[in-house]
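Residue numbers (the numbering used here), protein chains in the order written: chain A, 267 to 543; chain B, 9 to 312.
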């Protein structure tokens with residue numbers, strides 16, 4: 267008797283899930299009648315506050331945050347948004363307590379390794395993964411796993427996921443300047459007598475790590491904070507910024523839909539801004 | 009909408025190439041006569057549409073059903089946007105009422121603001137709004153009343169920079185912020201700074217060239233390696249040399265239709281709180297007080 271009820275309960279929740287999925291796809295079909303963003307960026311803020319609020323252990327906030335991330339990625343995929351960038355770990359975060367940094371690195375390593383799995387979502391959905399940031403600051407294990415994933419997904423082209431780890435916008439700018447300088451030096455030494463070329467804006471732009479993706483259309487920071495915390499400062503000149511009050515593990519479909527509807531309202535203005543620059 | 013290049017195919021063979029000003033949703037079937045523009049060869053199309061031979065009535069019928077379906081979806085989409093617009097109008101009314109109450113001093117918590125916390129304020133103004141300099145002057149007068157000491161004014165095309173002298177004249181007790189000047193501002197003055205997009209990416213490029221020169225000068229003849237001048241503090245210093253201010257604003261107020269920093273110098277935006285204030289034309293004193301008050305209550309971890 268109890269088994270039957272359990273099975274019925276399981277069946278009902280499956281049906282509800284399918285209805286929910288169908289309703290969501292209908293909603294996406296309607297939203298697609300207007301302009302859709304090509305590139306969405308997320309600052310996943312609020313995992314620790316969530317764990318504290320729910321009285322959970324310290325690390326569980328980040329795990330809950332990870333499943334919220336997976337749902338968001340699924341919605342972006344269903345909507346056909348090609349580029350998604352996430353702020354996974356900032357260079358400033360290294361200053362946190364060592365135990366917390368270690369558990370975050372362990373979680374990161376576990377999730378990166380799961381991407382290498384043959385049946386993982388990256389191959390199923392054709393996702394190309396980039397790890398953006400000062401990867402030299404990561405442990406050898408994490409860096410090696412990240413490079414392996416980048417190589418394994420290099421042929422995918424349906425969706426591009428950019429994961430910012432050990433990233434800071436100011437660090438990205440400095441690294442781009444360094445690379446531009448080094449390139450000019452190499453060119454000069456190969457060129458012989460010619461004077462060394464001056465660096466142009468296009469040199470710095472093409473040496474930015476984020477140049478593999480276009481500028482973000484929308485940047486969503488959860489937990490209501492209104493700052494960018496050194497994320498994509500160079501690339502968000504024409505981006506619309508959203509700061510929903512929900513903590514990252516609480517972020518859901520309604521926040522994404524609201525952001526996109528508001529993006530559609532401002533789309534012509536943002537296009538005009540892009541043309542003026 | 010951008011003109012897109014489209015190929016039409018029938019049974020896999022390309023039969024026509026043309027330009028369309030609007031694209032139907034990908035599920036629709038397109039008639040040849042909806043294409044306009046000259047036919048020319050393009051290497052890669054924006055879209056490939058398979059069209060059907062309309063002599064077959066069943067296919068014609070299914071295409072009509074598809075078009076009606078899309079028309080229905082479009083109506084639902086427009087309806088959703090009408091609801092969103094109504095929501096914005098209603099929340100705008102609430103904000104106006106609240107702002108009026110604040111400026112009359114009716115709401116206790118906004119009557120005193122710890123202005124010492126706000127060391128550097130930046131205001132980003134949309135280009136259309138920047139043409140109305142009188143509104144900018146009024147805003148600066150409000151900020152002076154509130155007690156803000158240092159204000160950076162940004163508009164992407166530098167329109168406010170051109171009106172610099174007029175603004176400095178019209179805003180009482182204002183002074184232009186010089187590089188070393190920020191410590192010498194007397195208490196009753198407001199220091200103004202005028203910024204445009206040339207102070208953003210182009211300034212970084214100039215600073216990059218300074219670092220390149222510095223690196224070249226420091227190269228040891230034996231090993232061909234120079235000193236490491238590629239750090240954030242070196243770039244910061246190089247930006248100062250170029251003549252850029254590197255003060256980090258605590259709060260950025262955006263006056264424009266969209267919440268976006270519109271290209272404010274990236275190097276300075278690290279931990280700046282970015283608040284959208286709506287349009288400059290309808291700016292409200294109460295909303296300004298509320299934004300500054302909210303800022304004084306913010307607590308940052310700086311990533312730790």
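We put the CB at the ideal spot given by N, CA and C, even for glycine.
Fair warning: this is a prediction, and the values are worked out from it, not measured in the lab.
Does the beta carbon of residue i come closer than 8 angstroms to any beta carbon on chain B?
i                      : result
residue 299 of chain A : yes
residue 447 of chain A : yes
residue 535 of chain A : yes
residue 367 of chain A : no
residue 429 of chain A : no
residue 419 of chain A : no
residue 361 of chain A : yes
residue 323 of chain A : no
residue 493 of chain A : yes
residue 443 of chain A : yes
residue 499 of chain A : yes
residue 388 of chain A : no
residue 518 of chain A : no
residue 504 of chain A : yes
Report yes if the C-beta distance between residue i and residue j is below 8 angstroms; otherwise report no.
i                      : j                      : result
residue 111 of chain B : residue 286 of chain B : no
residue 274 of chain B : residue 247 of chain B : no
residue 148 of chain B : residue 204 of chain B : no
residue 369 of chain A : residue 321 of chain A : no
residue 414 of chain A : residue 475 of chain A : no
residue 168 of chain B : residue 132 of chain B : no
residue 243 of chain B : residue 219 of chain B : yes
residue 303 of chain B : residue 259 of chain B : yes
residue 328 of chain A : residue 373 of chain A : yes
residue 545 of chain A : residue 349 of chain A : There is simply no residue 545 of chain A to check, as chain A begins at 267 and stops at 543 in what is shown.
residue 550 of chain A : residue 392 of chain A : Because chain A here runs from 267 to 543, residue 550 of chain A falls outside it and cannot be looked at.
residue 141 of chain B : residue 151 of chain B : no
residue 316 of chain A : residue 307 of chain A : no
residue 6 of chain B   : residue 298 of chain B : In the structure displayed, chain B extends from 9 to 312; residue 6 of chain B sits before or after that span and is not available.
residue 577 of chain A : residue 429 of chain A : With chain A covering only 267 through 543, there is no way to say anything about residue 577 of chain A.
residue 454 of chain A : residue 460 of chain A : yes
residue 425 of chain A : residue 341 of chain A : no
Answer with yes or no whether the minimum CB distance from residue i to chain A is below 8 angstroms.
i                      : result
residue 268 of chain B : yes
residue 219 of chain B : yes
residue 84 of chain B  : yes
residue 88 of chain B  : yes
residue 223 of chain B : yes
residue 198 of chain B : no
residue 238 of chain B : yes
residue 68 of chain B  : no
residue 278 of chain B : yes
residue 243 of chain B : yes
Which bits of chain C does residue i rub up against, with CB to CB less than 7 angstroms?
i                      : result
residue 310 of chain B : The chain labelled as chain C is not found among the protein chains of the depicted structure, namely A and B.
With a threshold of 8 angstroms on Cβ separation, who are the neighbours of residue i within its own chain once the five nearest residues in sequence on each side are excluded?
i                      : result
residue 6 of chain B   : Residue 6 of chain B lies beyond the residue range present for chain B, which begins at 9 and ends at 312; the question has no answer from this structure.
residue 526 of chain A : 297, 302, 303, 345, 484
residue 113 of chain B : 119
residue 367 of chain A : 359, 360
residue 176 of chain B : 182, 183, 184, 200
Where do the N-terminal and C-terminal ends of the alpha helix (DSSP H) with residue i fall, by residue?
i                      : result
residue 186 of chain B : Here residue 186 of chain B belongs to no alpha helix (DSSP H), and DSSP marks it neither H nor E.
residue 500 of chain A : Premise fails: residue 500 of chain A is in no alpha helix (DSSP H) and is neither H nor E.
residue 174 of chain B : 172 to 178
residue 478 of chain A : No alpha helix (DSSP H) holds residue 478 of chain A; DSSP gives it neither H nor E.
residue 544 of chain A : With chain A covering 267 to 543 only, the question about residue 544 of chain A has no answer from this structure.
residue 541 of chain A : 519 to 542
residue 406 of chain A : 406 to 418
residue 336 of chain B : For chain B, the structure presents residues 9 to 312; residue 336 of chain B sits outside this window and is missing.
Taking DSSP's pairing of strands, which residues face residue i in a bridge?
i                      : result
residue 351 of chain A : A:307, A:428
residue 507 of chain A : A:485
residue 493 of chain A : B:281
residue 394 of chain A : A:426
residue 129 of chain B : B:159, B:259
residue 199 of chain B : B:158, B:183
residue 232 of chain B : Residue 232 of chain B pairs with nothing; no bridge assigned.
residue 311 of chain B : Residue 311 of chain B pairs with nothing; no bridge assigned.
residue 433 of chain A : A:356
residue 286 of chain B : B:263
Residues in the same chain with beta-carbon distance under 6 angstroms from residue i, minus the five sequence neighbours each way, listed in chain order, please.
i                      : result
residue 539 of chain A : 504
residue 389 of chain A : none
residue 489 of chain A : 311, 312, 513
Give every residue of the same chain whose Cβ lies closer than 7 angstroms to the Cβ of residue i, excluding the five residues on either side of it in the sequence, and list them in chain order.
i                      : result
residue 492 of chain A : 509
residue 375 of chain A : 407, 408, 411
residue 188 of chain B : Confidence at residue 188 of chain B is low in this model, with a pLDDT of 48, below 50, so its placement is unreliable and the value that follows should be read with caution. The answer is none, since no qualifying residue turns up.
Identify the continuous beta strand (DSSP E) that holds residue i and give its terminal residues.
i                      : result
residue 252 of chain B : That residue, residue 252 of chain B, is in no beta strand (DSSP E); it is neither H nor E in DSSP.
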